[in-house]
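Start counting the sequence shown at 30; every next residue gets the next number (the numbering used here).
In this text, a Cβ means the ideal position worked out from N, Cα and C, and glycines have one as well.
Okay, structure first, notes after.
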Amino acid sequence: MAHTRTDESTGRGPRPAAWSRASITASALLLLAATSAACGGGDTTLDGSSGRATGEIVVGAGDGAETSILAEIYAGALRSTGASVTTEEGLGDRTAYLGQLDAGNVTLVPELTGGLLRYYDPESTETEQDDVFEALSRALPQGLSISDYAAAEDRSALAVTSQASGQLNLATLDDLVPVCARSTAALAPNFDAGALPDLSGCTFAQTRTVADDAAAVGALAVPESPDGAVEVAGVTTASPEVADADLVLLADDEHVFTAQNVVPLFRIGTLDEAQLKALNVVAGELTTADLADMIGQVRDGAGSADVARVWLDAHL
């Protein structure tokens, strides 16, 4: 299913708060397909000036293993429909690759729901995954759309060793609050440290920023303190270092950290119904564990396209 921003020129109001992914009817998807078919005729290129072949889909990616892998997965899913698809990677940061999308130089880019929502609406306060998705669908600029988000996510999380979890009965963020004042936290650069004040009652004795997720995980290896202090790591959930370690990610029942589910962002009128359905197949299959494993493979030297192809062969 595809979700677009309401066009104010039509006089339609915003979607009600109770709106959910499942409530988008087939007519909306068919409308996008019809628009795509109309735009596919004649000699019109993706942006009217780029010179690309008519009907060619270009999947863009920013910098880094995660975005490259996701671009290859989306490209492969779209190729399964018979579409002509190319990928363009290394397009820079979010501002840069969204600029390429806006210019029509790429058709689709992989994104994370929470980060994209904050980009388009910095004042938004939604953190739960459905709320973030709905708010994002309303915040999108005219001409852009998203389809269903995946279970795969790369959100911020606080982690402790399984030993500390067992000894101190730490399973949720609420469980951590009583020991925060005598505990220290090592925070990876991609961890959302700005959300920590929202963890009510928790002020760490010390926080420090470390080089990466591996360093944050490594900080948990220090000997246990006799006074019951806990070393806590601020990490992101799709980090292979986190997946490979004997850690407990503390459950975020109050949604302190903003949801960051994988989602495709694309130009309206460039994908037909079959292609939109292919994107939704990816959404239904891709997990955080899958993503972390693939990121680890790429960091170890495997090619993004090769890693994505193995996943596609197993899931599509």
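Closer than 6 Å by C-beta to Val21: which residues in its own chain qualify, once you throw out the five before and the five after it? Chain order, please. No statement about residue 21 is possible, as the shown extent of the chain runs from 30 to 345 and does not include it.
Within the chosen definition, does the region 324 to 341 reach the region 81 to 101 through at least 3 CB pairs nearer than 8 Å? yes
Candidates Leu173, Asn290, Val251, Thr156: closest to Thr213 by CA position: Along the sequence shown, one-based indexing puts residue 213 at 184. Looking at the Cα atoms, Val251 is the closest of the given residues.
Burial state of Asn20 (16 or more Cβ within 10 Å): Outside the shown range of the chain, which is 30 to 345, sits residue 20, and nothing can be said about it.
Considering only residues of the same chain and omitting the five flanking positions on each side of Ala244, which have a CB-CB separation below 8 Å? For this step, residue 244 is matched to residue 215 along the sequence shown. The residues Ala215, Ala217, in chain order, have a CB closer than 8 Å to that of Ala244 in the same chain once the five nearest residues on each side in sequence are set aside.
Per-residue burial, Glu163 [other beta carbons within 10 Å of its own, 16 or more giving buried]: As a first step, residue 163 must be located in the sequence shown, where it is residue number 134. Label assigned to Glu163: buried.
If you draw a straight line from the C-alpha of Leu187 to the C-alpha of Leu202, how long is it? Here residue 187 is taken as the residue at index 158 of the sequence shown, counted from 1. Here residue 202 is taken as the residue at index 173 of the sequence shown, counted from 1. Answer to the nearest angstrom: the Cα atoms are 8 Å apart.
Locate the beta strand (DSSP E) running through Gln235, then write down its first and last residues. The residue given as residue 235 occupies position 206 in the sequence shown. Note, Gln235: beta strand (DSSP E), 235 to 238.
beta-carbon Ala334 near the ligand GTP non-hydrogen atom, thresh 7 Å: Absence of the ligand GTP from the depicted structure is noted, as is the absence of any ligand whatsoever, leaving it without description.
First and last residue of the uninterrupted alpha helix (DSSP H) at Ala243: The residue labelled residue 243 in the question sits at position 214 within the sequence shown. Unbroken alpha helix (DSSP H) run through Ala243: 242 to 247.
Nearest residue (CA-CA) to Ser194, options Gly143, Leu278, Pro226: To locate residue 194, count along the sequence shown from 1; it is residue 165. Cα-wise, what sits closest to Ser194 is Leu278.
To the nearest angstrom, how far is it from the Cα of Gly80 to the Cα of Glu283? Against the sequence shown, residue 80 aligns to sequence position 51. Against the sequence shown, residue 283 aligns to sequence position 254. In this prediction, Gly80 scores a pLDDT of 38, lower than 50, which makes its location untrustworthy; the coordinate-derived value is nonetheless stated afterwards. Take the alpha-carbon of Gly80 and the one of Glu283: they are about 49 Å apart.
Using the C-alpha atoms, what's the distance from Arg296 back to Gly133? Along the sequence shown, read from residue 1 onward, the residue named residue 133 stands at position 104. Along the sequence shown, read from residue 1 onward, the residue named residue 296 stands at position 267. Straight-line Cα distance between these residues: approximately 8 Å.
For Val310 and Val161, I'd like the C-alpha separation in whole angstroms. Stepping through the sequence shown from its first residue, residue 310 is reached at position 281. Stepping through the sequence shown from its first residue, residue 161 is reached at position 132. Roughly 21 Å between the two C-alpha positions.
Going by Cα to Cα distance, which pick from Tyr149, Ala179, Gly121, Ala112 is closest to Ala318? On the sequence shown, residue 318 is found 289 positions in, with the first residue counted as 1. It is Ala179 whose Cα lies nearest to the Cα of Ala318.
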